[in-house]
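Below is one structure; the comments refer to it alone.
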Amino acid sequence: MSPTRLFCLSALAAALASPAMAQTGGKLKVGLMLPATGTFAALGTAIENGFRQYVNEQGGKLGGREVEFVKVDDESDPSKATDNVNKLVKRDNVDVLVGTVHSGVAMAMAKVAKDTGTLLVVPNAGADAVTGPMCAVNIFRSSFSNWQPGYAMGEVVAKRGHKKVVTITWKYAAGDESVRGFKEAFEKAGGSVVKELSLPFPNVEFQALLTEIAATRPDAVYTFFAGGGAVKFVKDYAAAGLKKSIPLYGAGFLTDGTLEAQGADADGLYTTLHYADSLGNAKDNAFRLAYAKAYKLQPDVYAVQGYDAAQMLGIGLAAVKGDTSKKAEIAAAIEKARIDSPRGPFTISKAHNPVQDMYLRQVVGKENKLVSVASKQLADPGRGCRM
Ligand code: PHB
């Protein structure tokens, strides 16, 4: 037999045998694409911890299949994202993709997931496009859209009587979209965003921008920063003397998973997010206790999102007995579920983004204390999603 013919036959045999095997039987290969280095490294760890916690509660299985992890450090670097996700899909043949933190990296993951039909659950990145124009039957998010916390805070800041606001963030999808959500609600309520300041991700040279805020003298500042960048921003804002003169508001990432490092400089800050410390519901109490015991750490919003990503996958895969090829049935099961999250129960929109309460929180000591529900069961508009 000619070498070409032999190659074709073996390729055909592989094509016939492996996908069916991979999709129904044997271990469930979960490709975890998260940051293990850089400003979002701690966020990646919390997501993985949360995900593993749920899988462990299920005896190490999802949809009846034993879970096996393959990991890639995406470094929150969009320029490496397509190569990284292709490694998981094409080289490692994962059944499911889980990732990531950074919106730019997540958009590259969503593109590959859409093109290859691989199941994807996004456990953080809020890129509006993932559950907007890029939405697909096999793409889900267990976290939030960037629009959601921003929009909720726009209403809060207007209600608190502020009229003139300056925004400051990293110049990339998450920052831009968070500010856009804020501005939409704030300006609808009669406020005005007088200046939009930004710096490239993941820079933390805030000084010149803080000087500009001081000179502009707005009623308040709205910001999106997260991880290591959020720690430095909160400290620099206080050190510049701004904290006592111009109230600082943020999407809740500003003070989530960061309070140990921010210390007293974060005290009193108001933020909006789909989680808060000590919500007091039974699911959250059990989750927090188990998390602290397993990891010797307090959980944060990222841990919750990782836990819920595994939960959503578990619900979808249970409905098809672990057969990852049955995308429509998996989607139908997740769409009709009421997910019992530590954040409180939530459902998934048609575009596959959580419909959830947005909490107003205030930092008291080392906690993001619940103040009120800022926006009840807030749904992202899912603009541009055709499914
Ligand atoms: C994002 O890039 O979408 C992002 C990153 C970190 C967060 C939230 C959103 O904490």
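Sequence positions in the sequence shown follow mature numbering (1 follows the signal peptide of the UniProt record, and there is no 0) and run -22 to -1, 1 to 365.
Beta carbons: idealized from backbone N, C-alpha and C, even for Gly.
From a predicted model like this one, the values you see are computed outputs, not experimental measurements.
Check	Outcome
CA-CA distance, Y150 and N124?	11 Å
Assign D52 to one of three DSSP states: helix, strand, or coil.	coil
Is F231 near the ligand PHB, going by C-beta to nearest heavy atom under 8 Å?	yes
How many whole angstroms separate the CB atoms of D255 and N346, which I take to be in contact at a CB cut-off of 8 Å?	5 Å
With three or more beta-carbon pairs closer than 8 Å as the criterion, would you say the segment 329 to 337 touches the segment 68 to 77?	no
Go ahead and label M(-2) buried or exposed: buried means 16 or more other beta carbons lie within 10 angstroms of its beta carbon, across all protein chains shown.	Any reading at M(-2) needs caution, since the residue's pLDDT is 49, under 50, leaving its predicted position unreliable; the model's value is listed next. Result: exposed.
Note down the Cα distance separating M112 from A84, rounded to an integer number of angstroms.	11 Å
Can you tell me which of Y269, I191 and G235 puts its alpha carbon nearest to the alpha carbon of G207?	G235
Roughly how many angstroms lie between the CA atoms of S353 and G168, to the nearest whole one?	18 Å
Who does T145 pair with in a DSSP beta bridge?	E174 and Y200
Would you mind listing the alpha helix (DSSP H) stretches within the segment 198 to 245 that are 4+ residues and don't spill past its ends, in chain order?	205 to 217 and 237 to 240
If contacts are defined as beta-carbon pairs under 8 Å, then G16 and E53 qualify, I think. What distance do you get, rounded to the angstrom?	6 Å
Reducing DSSP to helix, strand and coil, say where F29 ends up.	helix
So V349 and L338 are supposed to be a Cβ contact under 8 Å. How far apart are they, rounded?	4 Å
Tell me whether S327 is buried or exposed, calling it buried when 16 or more other Cβ atoms sit within 10 Å of its Cβ.	buried
With DSSP as the reference, label P332 as helix, strand or coil.	strand
Indicate whether M11 and F118 have their beta-carbon atoms separated by less than 9 Å.	no
Quick one: what's got a C-beta closer than 7 Å to A130's C-beta in the same chain, skipping five residues either side?	T250, M336, A352, S353 and L356
Taking the C-alpha atoms as reference points, what is the distance between G294 and D318?	14 Å
Does G9 come out as helix, strand or coil in the three-state DSSP assignment?	strand
Any heavy atom of the ligand PHB within a distance shorter than 8 Å of the CB on residue 372?	With the chain running from -22 to 365 in the structure shown, residue 372 is simply not present.
Smallest Cα separation from E155: which of K210, K137 and G360?	G360
Can you tell me which of the three DSSP states L(-7) falls into?	Caution is warranted here: a pLDDT of 43 is assigned to L(-7), below 50, making its placement in the model unreliable, and no coordinate value can be reported.
Once the 5 residues before and after K344 are set aside, which same chain residues still bring their CB inside 6 Å of it?	L237
If you compare alpha carbons, which of K7, Q31 and A20 is closest to A270?	Q31
In terms of alpha-carbon separation, which member of P320, G241 and K274 lies closest to G258?	P320
Cβ atoms of F164 and V135: under 9 Å apart, would you say?	yes
Any heavy atom of the ligand PHB within a distance shorter than 8 Å of the CB on D234?	yes
Nearest to R364 by CA position, among T109, R195 and N181, is which residue?	T109
For P101 and A287, which I take to be in contact (beta-carbon distance under 8 Å), what is that distance rounded to the nearest angstrom?	4 Å
Less than 9 Å separating the beta-carbons of V8 and L40?	yes
Helix, strand or coil: how does DSSP classify V351 here?	strand
Any beta-carbon of chain D closer than 9 Å to the one on V63?	Given the protein chain composition of this structure (a single chain), no chain D is represented.
Regarding S303 and the ligand PHB, is the C-beta to nearest heavy atom distance less than 8 Å?	no
Pull up the CB-CB distance for K142 and P196, whole angstroms please, since I reckon it's below 8 Å.	5 Å
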